[in-house]
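A.B. asks: Chains as they are written, first to last, in the working numbering: chain W, 2 to 471; chain U, 3 to 156. Where is the CB? At the ideal position from N, CA and C, for every residue including glycine.
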Amino acid sequence: MLRVCLCVLLLAVPASAQVLQLSGGRSTLLGGTGGEITAFFPESTLSASAGFANGHFVFGASNAFKFHGLDVTAGDKDFGYSFDGAGLGVSTRGLFVQRNTRHTSFAVFVGSTGIGYATPFMLTAKVQHIGAGFFLQRHFDSGLLLSSLAVIDGGKHSAIQGLSYRSNSLHLAGSGGLLQNQKYFTGEADYQLFRSLTFSGTHNDFFLADHLTTNSLSGFAGLGHITLQASLLDGQYRLLKTTGASAGASLRIGSITVRSNFYESNHRVLLVHVVQEHFHRWTVSGIVNRLQGQTSYAFGGGYHGNRISLSLDHSVLFFPISGKGFQQATTVQVSLRLHDTVLNFQTNVDPMMHVQYTTYASSYVPGPLAGAAMNSPTHSAGGKFVIGGTVVDEHGQPVEGAAIQLQGGAVVYSDSQGRFFARMKHDKPAALVVLLQEFAAPGRWAVTSCPVDAAPGTDVLIKLRREIAP
Amino acid sequence: MKRVLSLLLLQFLFFGLAVSAQTVSPIIVECGMKCRGEFSITNNGLTALAVTVEARSFSLDSLGHATNRPLDAGVDLKLEEGSARISPKGTHTFGYQLKCSVPPCSVALLSSMVVGHTAEGILVRVQLAHTVYICEKQKDCRKKVRAAAGVTVD
Numbered sequence: 002m003l004r005v006c007l008c009v010l011l012l013a014v015p016a017s018a019q020v021l022q023l024s025g026g027r028s029t030l031l032g033g034t035g036g037e038i039t040a041f042f043p044e045s046t047l048s049a050s051a052g053f054a055n056g057h058f059v060f061g062a063s064n065a066f067k068f069h070g071l072d073v074t075a076g077d078k079d080f081g082y083s084f085d086g087a088g089l090g091v092s093t094r095g096l097f098v099q100r101n102t103r104h105t106s107f108a109v110f111v112g113s114t115g116i117g118y119a120t121p122f123m124l125t126a127k128v129q130h131i132g133a134g135f136f137l138q139r140h141f142d143s144g145l146l147l148s149s150l151a152v153i154d155g156g157k158h159s160a161i162q163g164l165s166y167r168s169n170s171l172h173l174a175g176s177g178g179l180l181q182n183q184k185y186f187t188g189e190a191d192y193q194l195f196r197s198l199t200f201s202g203t204h205n206d207f208f209l210a211d212h213l214t215t216n217s218l219s220g221f222a223g224l225g226h227i228t229l230q231a232s233l234l235d236g237q238y239r240l241l242k243t244t245g246a247s248a249g250a251s252l253r254i255g256s257i258t259v260r261s262n263f264y265e266s267n268h269r270v271l272l273v274h275v276v277q278e279h280f281h282r283w284t285v286s287g288i289v290n291r292l293q294g295q296t297s298y299a300f301g302g303g304y305h306g307n308r309i310s311l312s313l314d315h316s317v318l319f320f321p322i323s324g325k326g327f328q329q330a331t332t333v334q335v336s337l338r339l340h341d342t343v344l345n346f347q348t349n350v351d352p353m354m355h356v357q358y359t360t361y362a363s364s365y366v367p368g369p370l371a372g373a374a375m376n377s378p379t380h381s382a383g384g385k386f387v388i389g390g391t392v393v394d395e396h397g398q399p400v401e402g403a404a405i406q407l408q409g410g411a412v413v414y415s416d417s418q419g420r421f422f423a424r425m426k427h428d429k430p431a432a433l434v435v436l437l438q439e440f441a442a443p444g445r446w447a448v449t450s451c452p453v454d455a456a457p458g459t460d461v462l463i464k465l466r467r468e469i470a471p
Numbered sequence: 003m004k005r006v007l008s009l010l011l012l013q014f015l016f017f018g019l020a021v022s023a024q025t026v027s028p029i030i031v032e033c034g035m036k037c038r039g040e041f042s043i044t045n046n047g048l049t050a051l052a053v054t055v056e057a058r059s060f061s062l063d064s065l066g067h068a069t070n071r072p073l074d075a076g077v078d079l080k081l082e083e084g085s086a087r088i089s090p091k092g093t094h095t096f097g098y099q100l101k102c103s104v105p106p107c108s109v110a111l112l113s114s115m116v117v118g119h120t121a122e123g124i125l126v127r128v129q130l131a132h133t134v135y136i137c138e139k140q141k142d143c144r145k146k147v148r149a150a151a152g153v154t155v156d
């Protein structure tokens with residue numbers, strides 16, 4: 002009964018929203034399935050999420066608004082900050098206030114904390130403890146950055162102080178304190194000897210279920226079309242120590258990049274040679290791997306367009322937790338845009354080397370307050386045959402923002418000179434329609450004259466009459 | 003249930019300001035004599051936007067201020083699209099090919115969009131420029147064009 006009332010109430014409020022965002026999906030990486038509805042009002046944003054995480058029903062809601070220059074969120078929100086290689090994220094339910102100015106950022110929350118499920122399609126929390134938190138960061142013109150984070154999460158206390166310095170050639174950062182009742186320290190240094198030569202070293206402690214430590218030392222040189230890099234890594238998880246070393250070089254000639262990399266970890270050597278070519282919106286790569294005397298081949302690539310984006314990538318990652326050092330990982334990403342809806346699918350490799358996936362859809366729907374919406378698809382079909390023209394008003398003046406649809410093509414809009422064009426795939430006449438309800442131009446218009454169709458290579462003239470001034 | 007009711011009450015009690023902006027990327031590119039490029043417009047707003055793209059040649063004065071004019075005769079531009087509807091929070095990429103027969107050429111691809119209106123009802127139109135500098139050699143083209151115009155300030 003509570004869930005039904007919850008849904009009715011949460012759906013009643015968005016009925017008066019300006020714009021609604023609807024999202025839903027599933028993620029094995031983040032362990033959840035569910036959805037979220039976000040209602041955008043002129044002066045606030047209201048969100049509600051519900052779903053299942055690790056087999057349990059979870060829900061969340063929040064309202065974000067401005068109040069006397071402060072960003073206020075009432076409800077569920079992640080209190081997460083990182084600086085100088087360290088950070089902490091806590092799922093909270095309560096009152097959250099933050100303010101960002103040019104030099105200072107601060108945030109504070111009070112309420113309850115627990116296990117959160119923050120995904121691109123839902124944000125929920127399972128409350129466990131009373132909690133409170135405070136974050137303050139101050140930038141100085143000298144390059145110094147001071148950070149302070151304090152969180153009480155039930156019986157777990159965190160108090161981290163960070164200090165970093167950045168100049169043109171040097172970056173030093175360190176932080177330490179108490180992270181969830183455990184002492185810790187992390188530091189990193191980057192030194193740019195010349196414009197094209199950089200050295201960096203890092204030390205990190207990660208507090209998962211067990212202590213994980215990683216160290217790295219690396220160098221990078223960029224010499225025109227040639228780049229060189231080398232790094233040493235080591236990690237320790239429980240009593241398992243993993244070391245690794247890598248070195249590589251790449252050469253870029255025009256749109257073609259050739260890379261060769263050497264990886265060594267746990268006495269295993271992996272050689273990876275990659276040839277990658279970019280042309281326009283396409284990327285194609287061929288990969289040759291040599292491991293333990295065996296050679297294997299792989300191909301990857303991708304396409305990034307306005308409607309669809311997809312990629313298949315091969316990468317070599319360092320896995321200190323599983324103790325396997327450098328391993329190859331293949332990831333797939335697909336993104337499809339259908340009008341105002343975006344569909345996403347992505348695979349990831351988790352620290353235990355398991356392949357996980359996240360898939361979700363997100364869409365925007367105009368609410369009653371949004372006014373007229375443009376609803377026609379406008380992704381160009383492309384092509385070498387051009388149909389163009391001019392839109393003018395009753396005085397012969399150009400009309401900007403007039404919407405014209407050509408048969409089998411997208412909606413196009415006229416520019417400040419009243420000019421428009423569309424590219425067609427076929428050299429044949431196409432029907433022409435003026436979409437008065439789709440105009441970006443203000444006011445109400447009527448069509449005085451417009452040809453029924455237009456052939457590629459011709460220049461059409463469309464005459465309009467303004468009926469009501471804006 | 004009380005928690006939800008409290009949230010709804012807060013919704014009607016407090017007010018804030020929704021702010022969004024449109025962006026263009028990249029802002030400046032340098033090219034050789036033949037240039038094939040693209041730029042992206044991101045709609046950070048919550049409603050769809052109609053965007054039109056127009057090309058202008060421009061020249062600089064000694065203070066670096068640009069004066070636009072119709073595209074020069076020596077510039078041959080082929081735009082893939084002259085307009086587009088960009089979904090809420092969406093990004094649209096416009097591709098183009100540009101040839102310059104008499105270098106250097108300075109071209110601004112201006113993306114225009116109506117993003118809202120004032121309280122008095124005046125429409126607010128935003129124009130974002132993607133600027134292309136074309137020289138015989140790509141390297142330091144912008145620097146050379148600015149030096150030739152006598153621009154002394156950064």
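In the segment 77-94 of chain U, which residues sit with their C-beta less than 9 Å from some C-beta in chain W, listed in chain order?
C.D. replies: 81, 82, 83, 84, 85, 86, 87, 88, 89, 90, 91, 92, 93 and 94
A.B. asks: Could you name the residues of the same chain whose beta carbon sits closer than 6 Å to that of residue 447 of chain W, not counting the 5 residues immediately before and after it, in chain order?
C.D. replies: What you label residue 447 of chain W is simply residue 446 of the first sequence in a count that begins at 1. Only 466 and 468 meet the Cβ criterion.
A.B. asks: For the beta strand (DSSP E) that contains residue 73 of chain W, what are its first and last residues?
C.D. replies: Residue mapping note: residue 73 of chain W aligns to position 72 of the first sequence, counting from 1. Here the beta strand (DSSP E) through residue 73 of chain W covers 71-84.
A.B. asks: How about residue 412 of chain W: is its C-beta nearer than 9 Å to some C-beta of chain U?
C.D. replies: The sequence position of residue 412 of chain W within the first sequence is 411, counting from 1. By the rule that beta-carbons nearer than 9 Å mark a contact, residue 412 of chain W touches chain U.
A.B. asks: So if I threshold CB-CB distances at 7 Å, which residues from the segment 429-456 of chain W count as touching chain U?
C.D. replies: 441 and 443
A.B. asks: Quick one: Cα of residue 351 of chain W to Cα of residue 287 of chain W, how far?
C.D. replies: Taking the first residue of the first sequence as 1, we reach residue 351 of chain W at position 350. Taking the first residue of the first sequence as 1, we reach residue 287 of chain W at position 286. C-alpha separation (whole angstroms): 25 Å.
A.B. asks: Please state the DSSP three-state secondary structure of residue 144 of chain U.
C.D. replies: Working through the second sequence from its first residue, we reach residue 144 of chain U at position 142. Three-state result, residue 144 of chain U: helix.
A.B. asks: Comparing alpha-carbon positions, which option in W:92, W:88 and W:360 lies nearest residue 76 of chain W?
C.D. replies: By 1-based counting over the first sequence, the position of residue 76 of chain W is 75. Checking every option, the nearest Cα to that of residue 76 of chain W belongs to W:92.
A.B. asks: Verify the CB distance criterion: does residue 71 of chain U have a CB-CB separation below 9 Å to chain W?
C.D. replies: For this step, residue 71 of chain U is matched to residue 69 along the second sequence. Not closer than 9 Å to any Cβ of chain W, the Cβ of residue 71 of chain U fails to qualify, so no.
A.B. asks: Beta carbon of residue 151 of chain W, beta carbon of residue 172 of chain W: below 9 Å?
C.D. replies: Residue 151 of chain W sits at position 150 when you count from the first residue of the first sequence. Residue 172 of chain W sits at position 171 when you count from the first residue of the first sequence. No, these two residues do not count as a Cβ contact at 9 Å.
A.B. asks: Between the C-alpha atoms of residue 27 of chain W and residue 40 of chain W, what's the straight-line distance to the nearest angstrom?
C.D. replies: Translated into the one-based positions of the first sequence, residue 27 of chain W becomes position 26. Translated into the one-based positions of the first sequence, residue 40 of chain W becomes position 39. Near 21 Å, if we compare the C-alpha coordinates of residue 40 of chain W and residue 27 of chain W.
A.B. asks: I need the straight-line Cα distance from residue 299 of chain W to residue 69 of chain U, nearest angstrom please.
C.D. replies: Within the first sequence, residue 299 of chain W is the residue found at index 298, counting from 1. Within the second sequence, residue 69 of chain U is the residue found at index 67, counting from 1. So the two alpha carbons sit approximately 52 Å from each other.
A.B. asks: Look up residue 39 of chain U in the DSSP assignment and give the residues it is bridged to.
C.D. replies: If you number the second sequence from 1, residue 39 of chain U lands on position 37. Beta-bridge pairing links residue 39 of chain U to U:98.
A.B. asks: Within 8 Å, do at least three Cβ pairs link the segment 120-134 of chain U to the segment 81-94 of chain U?
C.D. replies: no
A.B. asks: Per DSSP, what are the beta-bridge partners of residue 135 of chain W in this structure?
C.D. replies: On the first sequence, residue 135 of chain W is found 134 positions in, with the first residue counted as 1. Answer is W:109 and W:151, bridged to residue 135 of chain W.
A.B. asks: Taking residue 340 of chain W as the query, report the chain U residues whose CB atoms sit under 8 Å from its CB, ordered along the chain.
C.D. replies: Within the first sequence, residue 340 of chain W is the residue found at index 339, counting from 1. By Cβ distance, chain U contributes 89.
A.B. asks: Just the Cα atoms here: how many angstroms apart are residue 387 of chain W and residue 90 of chain U?
C.D. replies: By 1-based counting over the first sequence, the position of residue 387 of chain W is 386. By 1-based counting over the second sequence, the position of residue 90 of chain U is 88. Each residue's alpha carbon lies about 28 Å from the other.
A.B. asks: Identify the contact partners of residue 383 of chain W in chain U, using a Cβ-Cβ distance below 8 Å as the criterion.
C.D. replies: In the first sequence, residue 383 of chain W corresponds to position 382, counting from 1. In chain order: 82.
A.B. asks: Alpha carbons only, please: which of W:182, W:233, W:414 and W:225 is nearest the one belonging to residue 203 of chain W?
C.D. replies: Counted from its first residue, the first sequence places residue 203 of chain W at position 202. It is W:233 whose Cα lies nearest to the Cα of residue 203 of chain W.
A.B. asks: Can you tell which of U:112, U:130 and U:144 has the C-alpha that lies nearest to the C-alpha of residue 23 of chain U?
C.D. replies: By 1-based counting over the second sequence, the position of residue 23 of chain U is 21. When U:112, U:130 and U:144 are compared, the shortest CA-CA separation from residue 23 of chain U is found for U:130.
A.B. asks: Could you check what DSSP says for residue 439 of chain W in three-state terms: helix, strand or coil?
C.D. replies: As a working mapping, residue 439 of chain W is identified with position 438 in the first sequence. Correct three-state label for residue 439 of chain W: helix.
A.B. asks: Bridge partners of residue 349 of chain W, per DSSP?
C.D. replies: Against the first sequence, residue 349 of chain W aligns to sequence position 348. By DSSP's assignment, residue 349 of chain W forms a beta bridge with W:357.
A.B. asks: Residues of chain U with CB under 8 Å from residue 121 of chain W, in chain order?
C.D. replies: Translated into the one-based positions of the first sequence, residue 121 of chain W becomes position 120. In chain order: nothing, as chain U lies at least about 12 Å away.
A.B. asks: Determine the contact status of residue 456 of chain W and residue 431 of chain W, defining contact as a CB-CB distance below 9 Å.
C.D. replies: To locate residue 456 of chain W, count along the first sequence from 1; it is residue 455. To locate residue 431 of chain W, count along the first sequence from 1; it is residue 430. The answer is yes: Cβ separation under 9 Å.
A.B. asks: Are there three or more Cβ pairs, one per stretch, closer than 8 Å when the segment 95-105 of chain U is compared with the segment 434-448 of chain W?
C.D. replies: no
A.B. asks: Helix, strand or coil: which one does DSSP assign to residue 131 of chain U?
C.D. replies: Sequence index remark: in the second sequence, residue 131 of chain U carries index 129 (1-based). The answer is strand: DSSP assigns residue 131 of chain U an E or B state.
A.B. asks: Could you spell out where the beta strand (DSSP E) holding residue 297 of chain W opens and where it closes?
C.D. replies: The residue labelled residue 297 of chain W in the question sits at position 296 within the first sequence. Counting along the chain, the beta strand (DSSP E) containing residue 297 of chain W begins and ends at 295-305.
A.B. asks: Indicate whether the contact test is met: 3 or more Cβ pairs, each with one atom in the segment 155-175 of chain W and one in the segment 59-79 of chain W, closer than 8 Å.
C.D. replies: no
A.B. asks: In chain U, which residues lie with their C-beta within 8 Å of the C-beta of residue 416 of chain W?
C.D. replies: Position 415 of the first sequence, counting from 1, holds the residue named residue 416 of chain W. Near residue 416 of chain W (Cβ distances below 8 Å), the residues of chain U are 54, 55, 56, 84, 85 and 114.
A.B. asks: On a Cα-Cα basis, can you pick out the residue from W:31, W:442 and W:389 that is closest to residue 452 of chain W?
C.D. replies: Residue 452 of chain W sits at position 451 when you count from the first residue of the first sequence. With distances taken between Cα atoms, residue 452 of chain W lies closest to W:389.
A.B. asks: Helix, strand or coil for residue 456 of chain W per DSSP?
C.D. replies: The residue labelled residue 456 of chain W in the question sits at position 455 within the first sequence. Three-state DSSP puts residue 456 of chain W in coil, outside helix and strand.
A.B. asks: Alpha carbons only, please: which of U:38, U:62 and U:56 is nearest the one belonging to residue 149 of chain U?
C.D. replies: Sequence index remark: in the second sequence, residue 149 of chain U carries index 147 (1-based). Nearest of U:38, U:62 and U:56 to residue 149 of chain U, Cα basis: U:62.
A.B. asks: Which of the three DSSP states, helix, strand or coil, is assigned to residue 150 of chain U?
C.D. replies: By 1-based counting over the second sequence, the position of residue 150 of chain U is 148. In this structure, residue 150 of chain U counts as helix in the three-state DSSP scheme.
A.B. asks: Tell me the rounded alpha-carbon separation between residue 139 of chain U and residue 33 of chain W.
C.D. replies: Stepping through the second sequence from its first residue, residue 139 of chain U is reached at position 137. Stepping through the first sequence from its first residue, residue 33 of chain W is reached at position 32. Distance between the alpha carbons of residue 139 of chain U and residue 33 of chain W: 53 Å.
A.B. asks: Is the beta carbon of residue 60 of chain U closer than 9 Å to that of residue 109 of chain U?
C.D. replies: Here residue 109 of chain U corresponds to residue number 107 of the second sequence, with the count starting at 1. Here residue 60 of chain U corresponds to residue number 58 of the second sequence, with the count starting at 1. Yes, Cβ-Cβ distance for residue 109 of chain U and residue 60 of chain U is below 9 Å.
A.B. asks: What is the DSSP secondary structure of residue 451 of chain W, counted as helix, strand or coil?
C.D. replies: In the first sequence, residue 451 of chain W corresponds to position 450, counting from 1. Coil.
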